[in-house]
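Residue numbers (the numbering used here): 6 to 256.
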C-alpha cells in the first residue's frame with residue numbers, strides 16, 4: 006500500500022471513530038432524556054399519591070435528586086444522570102410503601118370556618134397589631150416569635166426549633182379551641198413552582214411534628230407562599246436564611 010492510500014485509510018478510520026463517538030453520545034443523551042422523563046412521571050405519581058402527605062420527607066428528597074439530575078443532564082454527565090434516576094425511583098417506592106391506605110387522615114387539614122360577614126375598614130381598625138416584623142405571631146406565652154427556620158433546600162425540623170414547637174404543642178393541647186395556621190416560605194432561589202412545593206413541605210413538616218407531639222390535627226392548617234412573601238429582600242446568605250422559614254400564626 007502506497008503512502009497516499011495509507012493516509013486515506015487513517016483519515017477514514019478517524020472519521021469512523023468520530024462517527025461512532027457521536028452515535029454513542031447521542032444514544033447516551035437519548036437514554037438520559039428518557040430516564041429523566043421516567044423520573045418526572047414517578048414524582049408526579051408520588052405527588053398524586055398519598056405519599057406526598059404521609060411520607061413528605063422521602064418525596065422531597067426525590068424531588069431534590071431530580072433537580073440534581075437535570076443539572077447533570079445539562080452538563081452532559083449522562084452516566085451520573087442514570088444513577089440518580091435509580092435513586093429517585095428507589096425513594097419514590099419507599100415513600101409509597103410508607104403510605105398505607107388511610108394514612109393521609111392523620112394529616113388532613115381542617116377547613117377554614119366560613120366568614121359571617123365581609124371585612125370592612127372599621128373591622129380592620131379593630132384588628133390587633135400582634136405580628137412581629139419577620140412574621141410569626143406574638144401572643145404565644147413565653148415565645149417571642151413563632152418562626153421555624155430551615156436549611157437550604159430542606160424541610161427537616163432543626164434542633165434549634167424543637168423547644169419552641171414543644172411549647173406551642175403544650176398550648177394547643179391545653180386549649181382545644183386554639184387553632185393555628187402554618188405558613189411555608191422559601192428564599193428566592195429555584196423556580197416559582199418548586200418553591201411553592203418546598204414551602205408546602207416545610208409547612209407540613211411543622212404540622213406533622215406538632216401532630217406527633219399530640220396536637221389534634223383539626224387545630225392545624227397549612228399554606229405555602231413559596232418565595233412570594235420574603236422576610237428580607239436582600240440577596241445575602243443571611244437574608245436567604247431568614248426567608249427559609251415556616252411562620253406559625255393564630256387563627
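Glycine included, C-beta positions come from ideal geometry on N, C-alpha and C.
Bear in mind that the values here come from a model prediction, so they are computed numbers and not experimental data.
*Give the DSSP-derived three-state secondary structure of residue 71 in the structure shown.*
Reduced to three states, the DSSP call for residue 71 is helix.
*Length of the line joining the Cα atoms of residue 232 and residue 200*: Residue 232 and residue 200: Cα-Cα distance of roughly 6 Å.
*Between the region 216 to 223 and the region 192 to 208, are three or more C-beta pairs nearer than 8 Å?*
No, the region 216 to 223 is not in contact with the region 192 to 208.
*asked:* Does residue 173 come out as helix, strand or coil in the three-state DSSP assignment?
replied: In the three-state scheme derived from DSSP, where H, G and I count as helix and E and B as strand, residue 173 is classed as helix.
*Is it right to say residue 223 is buried, meaning 16 or more other beta carbons lie within 10 angstroms of its own, or is it exposed?*
Classification of residue 223: exposed, given that the 10 Å Cβ count is below 16.
*Inspect the CB distances between the region 147 to 167 and the region 239 to 254 and report whether three or more fall short of 8 Å.*
As far as the Cβ criterion goes, the region 147 to 167 touches the region 239 to 254, which means the pair count is three or higher.
_Supposed close pair residue 45, residue 71 - CB separation, criterion 8 Å_ = Rounded, the Cβ-Cβ distance is 7 Å, consistent with contact.
*Starting from residue 157, trace the alpha helix (DSSP H) both ways and give me its first and last residue.*
According to the DSSP assignment, residue 157 belongs to no alpha helix (DSSP H), since it is labelled neither H nor E.
*CA-CA distance, residue 87 and residue 67?*
Near 14 Å, if we compare the C-alpha coordinates of residue 67 and residue 87.
*Are the CB atoms of residue 2 and residue 193 nearer to each other than 8 Å?*
Residue 2 falls outside the range modelled here, since the chain spans only 6 to 256, and no answer is possible.
_Per the DSSP calculation, residue 252 is bridged to which residue(s)?_
In DSSP, residue 252 forms a bridge with 152 and 188.
_Pair within 8 Å by beta-carbon distance, residue 183 and residue 191_ = Cβ distance not < 8 Å, so residue 183 and residue 191 don't count as in contact.
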